[in-house]
Amino acid sequence: MQVNRVVLGDNLDLMHTLPNECCHLIYADPPFNSNRKVANRSRPDFCFDDRHDGGSAAYLQFLRPRLSEMKRLLTPTGVLYVHLDWRTVHYVKVMLDGLFGPENFLNEIIWHYRSGGRPGRWFPRKHDTILLYAKHVGRHFYKPLRGESYRTRDLLYDEEGRPYKTTRKGRLYFSAEGAPVTDVWDIPFLSTVSSERVAYPTQKPEALLERIIEASSRKGDVVADFFCGSGTTLVVAKRLGRRYLGCDGNSKAVDLARQRLKCAPCHDDIEREPGQST
Ligand SMILES: C[S@@+](CC[C@H](N)C(=O)[O-])C[C@H]1O[C@@H](n2cnc3c(N)ncnc32)[C@H](O)[C@@H]1O
């Protein structure tokens, strides 16, 4: 399979041409069924249509064959992340349980952020949900991550800078690498002045994709994003030494993604790790 490319077109057509079990990690960030044309004020020409004739039923009919193809494309150790919000996540969870089997459901990740409006009639909606499924639970690749701050009062540091707390039994040491990353992720949304920003609507922060790619793939693995938009997943995959495959139906998005990839640093050590399948 040809990798390190971004394809313009309907992702279902592309996926139909790909062989079984060719992707180690797939991240899907489809339109959220917001029933509008999604655009930023600063670049109205960067936009995509998120209206579906037939409402939610039509939206789900659009997603189903695509998610099913993604399952076919995953390697036996592969995983799929599906990024959604309050509008459809519960329906898509049921659909994915049907496609993957509920036993292969691994996590409901809450991406929490603070930016955006504050409506007066309900709690401000400040999270997206990312569903994580394994092709085969138990065979899937997962690297636990650390780096969160400890929510412990009275944290002290010894002479070597190692964090600990004093207890009646003596010092209780914490890992110097930080607390484990859990299924609630506090990662800021891209601000309007962020240097990462390319003005593509719903562009995701690189920090979010870094976490996903580091936890669920190894160097040299194939990371695919069939709703790649401005190419955030692909840029991070390239930087972290993964092979990548992207697709978008919007030519402006594909141009942007290719442009970003041209400027993205390349990890030159992309040897496969011992014992890793191709
Ligand atoms: C939520 S955006 C992705 C944003 C991306 N994660 C980023 O960081 O820029 C969803 C993308 O899916 C694309 N899309 C929608 N339907 C598609 C289809 N059938 N085939 C390929 N791309 C599609 C849209 O053009 C849009 O760019």
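Counting in the numbering used here, the sequence shown runs from 1 upward without gaps. By construction, the Cβ of each residue, glycine as well, lies at the ideal position given by its N, Cα and C atoms. Please read all numbers here as calculations on a predicted model, not as lab measurements.
Nearest Cα to residue 32 within the set 83, 113, 14, 127: 83.
A buried status is given to residue 225, since no fewer than 16 other beta-carbon atoms sit within 10 Å of its beta-carbon. Fewer than three Cβ pairs drawn from the region 54-66 and the region 101-119 lie within less than 8 Å of each other, which leaves the two stretches out of contact. Judged by DSSP in its simplified three-state form, residue 146 adopts strand. By the Cβ rule, the region 169-189 does not count as touching the region 247-255, because fewer than three pairs are nearer than 8 Å. Relative to ligand 1, the beta carbon of residue 10 is positioned inside 7 Å of a heavy atom. Burial state of residue 242 is buried, judged by a 10 Å Cβ sphere holding 16 or more other Cβ atoms. Around the beta carbon of residue 263, fewer than 16 other beta carbons sit within 10 angstroms, so the residue counts as exposed. In the DSSP assignment, residue 107 falls within the unbroken beta strand (DSSP E) covering 105-112. Residue 176 and residue 182 have their C-alpha atoms some 17 Å from each other. Taking each of 165, 265, 13 in turn and checking the Cα distance to residue 150, the smallest one comes out for 165. Closest by C-alpha distance to residue 24, out of 261, 254, 237, is 237. In the three-state DSSP reduction, residue 96 falls in the helix class (H, G or I). The region 88-106 makes no contact with the region 114-121, as fewer than three CB pairs between them are under 8 Å. The region 54-88 contains, as complete beta strand (DSSP E) runs of 3+ residues, the segments 74-84 (chain order). About 5 Å separates the CB atoms of residue 233 and residue 27; that is less than 8 Å, so the two are in contact. Between ligand 1 and residue 157, a heavy atom-to-CB distance of less than 7 Å is absent.
DSSP places residue 26 inside the beta strand (DSSP E), whose first and last residues are 23-28.
Between the alpha carbons of residue 76 and residue 20 lies a gap of roughly 10 Å.
Per DSSP, the unbroken beta strand (DSSP E) holding residue 39 starts and ends at 36-39.
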